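Scroll down for the structure; my scribbles are underneath it.
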Amino acid sequence: MRASYIIAMVVGAGAIAWIVSGQFGDAPIAALEKTASVTKKRAAPKVRVRASMAEERSRQLVFLGRTEASRKVSLKAETAGRIVAVPAAEGSRIKRGAVIVRLAMDDRKARLAEAEAVLRQRRIEYQAARELSVRKFRSKVKLAEAEAYLEVAKAGRARATVELQRTVIAAPFTGVLDQRVVEVGDFVKIGNPVATFIDLAPIRITGHVSELNIGAVRQGMKATVKLVNGKSAQGSIRLVASEAHDTTRTFKIEVEVANGDRAMVAGMTAEISIPLAPVSAHKVSPAVLGLSDTGAVGVKIVAADGRVVFHKVDVIDEDIAGVWITGRDGALAERVSLISVGHEFVKAGEMVQTLPDKDAAVTKLGGPK
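First residue of the sequence shown: 4, per our numbering; consecutive thereafter.
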């Protein structure tokens with residue numbers, strides 16, 4: 004019995020050893036198969052590429068602006084008085100010197116007549132004193148006194164003349180009476196506003212350009228202005244600010260347009276286009292654009308060694324057929340192998356297999372079929 008027990012135990016131990024060896028003996032083989040499978044899955048992905056050749060492309064700097072009067076003045080009363088006439092209507096075009104508002108003369112005309120009479124008297128007195136002084140019948144002191152009275156009389160007439168002229172408020176230049184704030188019967192004091200007068204020929208369009216683009220804009224450059232109503236006009240840049248706005252960090256640009264027909268009015272939204280020097284650019288589909296890890300816009304190309312390279316780009320123009328891009332700091336070559344399909348699924352530095360753009364052997368996931 005004891006021997007049979009021993010034999011049974013030996014046989015059982017052998018069986019267990021055989022079973023265990025079967026469970027673990029194939030582990031290296033399974034591991035190798037799994038590694039091979041992973042290696043197969045990690046094979047270089049396939050992407051579609053197309054050869055892109057740079058072309059010379061004209062650039063346009065486009066930004067929004069607002070039309071403004073080239074001159075805008077607030078007309079104010081220079082003397083006190085009652086309004087007796089307002090011959091100019093609001094919104095009307097008025098020539099320089101035309102009357103806008105007239106004040107009552109009151110006694111100003113009489114004071115002018117009085118000043119002129121006093122002046123005539125002082126002239127006679129001075130002439131007489133001068134003749135007597137030449138004949139030694141009057142001292143030089145008396146002559147100087149007569150001359151002083153004459154000058155005072157001249158000043159009095161000048162003041163009376165100016166006071167009378169100030170009863171008429173006229174257009175300082177040819178323009179448009181934008182607003183009148185007084186009516187007949189109103190009483191105004193010195194400094195009270197009377198009207199707002201503007202000049203729309205020429206007219207100015209003001210906009211702001213970013214820090215990135217200000218270096219390309221120069222005074223005197225031509226510009227095209229397009230209004231929201233579809234009308235457009237040609238002008239030139241009259242002002243390029245030398246200091247950025249404190250908050251927006253943008254620079255003020257002013258475009259001046261002749262506007263001889265007064266078709267453009269102040270306060271309208273306008274699109275300003277400034278032609279810039281042509282550059283070498285690639286025309287691509289917007290679908291090939293992507294973002295880097297830092298959020299920069301760019302495209303992915305395949306280098307000569309088969310690795311993916313990400314290039315930051317600037318979009319300089321667009322049309323219905325695509326967008327025109329340039330590499331920042333000239334990093335994008337004249338001829339590149341641009342990834343057209345699958346760029347979303349590969350990273351910079353990754354090895355890829357390339358297929359012609361017309362080949363359909365790329366899955367939606369960017370991996371091999």
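Glycine is no exception: its CB is placed at the ideal position from the N, C-alpha and C atoms.
Bear in mind that the values here come from a model prediction, so they are computed numbers and not experimental data.
Buried versus exposed, by CB contacts within 10 Å (16 or more), residue i
i      : result
Leu106 : buried
Val41  : Low local confidence applies: a pLDDT of 49 at Val41 is under 50, so the model's placement there is unreliable, with the coordinate-based value given in what follows. Exposed, since its Cβ has fewer than 16 Cβ neighbours within 10 Å.
Arg133 : exposed
Thr297 : exposed
Val339 : buried
Leu294 : exposed
Asp202 : buried
Ala198 : buried
Gly263 : exposed
Gly68  : buried
Phe313 : buried
Val155 : exposed
Gly345 : buried
Sequence-distant residues of the same chain with beta carbon closer than 7 Å to residue i, five excluded per side
i      : result
Ile32  : Reliability of the predicted coordinates at Ile32 is poor, the pLDDT of 49 falling under 50, and no value is obtained from them.
Thr253 : His211, Val212, Ser213, Ala247
Leu35  : Residue placement at Leu35 cannot be trusted, given a pLDDT of 46 that sits under 50; what the coordinates show is reported in the next sentence. Around Leu35: no qualifying Cβ.
Rounded straight-line distance, which links the Cα of residue j to that of residue i
i      : j      : result
Leu301 : Ala336 : In the sequence as displayed, the identity of residue 301 is Gly instead of Leu. So the two alpha carbons sit approximately 14 Å from each other.
Gly325 : His285 : 10 Å
Arg114 : Thr164 : 9 Å
Lys225 : Arg265 : 20 Å
Ile208 : Arg183 : 25 Å
Glu71  : Met56  : 44 Å
Ser245 : Arg160 : 49 Å
Ile172 : Val121 : 28 Å
Lys303 : Pro205 : 49 Å
Ile275 : Glu58  : 25 Å
Ile127 : Gln168 : 27 Å
Leu135 : Glu117 : 27 Å
Neighbourhood of residue i by C-beta, 6 Å cutoff - its chain only, sequence neighbours within 5 removed
i      : result
Leu64  : Asn216, Ile277, Leu279
Ala236 : Val228, Val260
Ile97  : Ala91, Ala174, Leu180
Cut-off 8 Å between Cβ atoms - residues of its own chain near residue i, not counting five sequence neighbours on either side
i      : result
Thr170 : Thr82, Gly84, Arg105, Leu106, Ala107, Met108, Arg111
Leu242 : Gln222, Lys255, Ile256, Glu257
Asp189 : Arg85, Ile86
Opposing strand residues paired with residue i [DSSP bridges]
i      : result
Ile359 : The residue you asked about is not Ile; residue 359 is Pro in the sequence shown. Looking at the DSSP assignment, Pro359 forms a beta bridge with Val52.
Ser283 : Glu59
Leu341 : Arg53, Ile304
Ile277 : Leu64
Val258 : Ile208, Ile240
Gln182 : Thr199
Phe313 : Lys303
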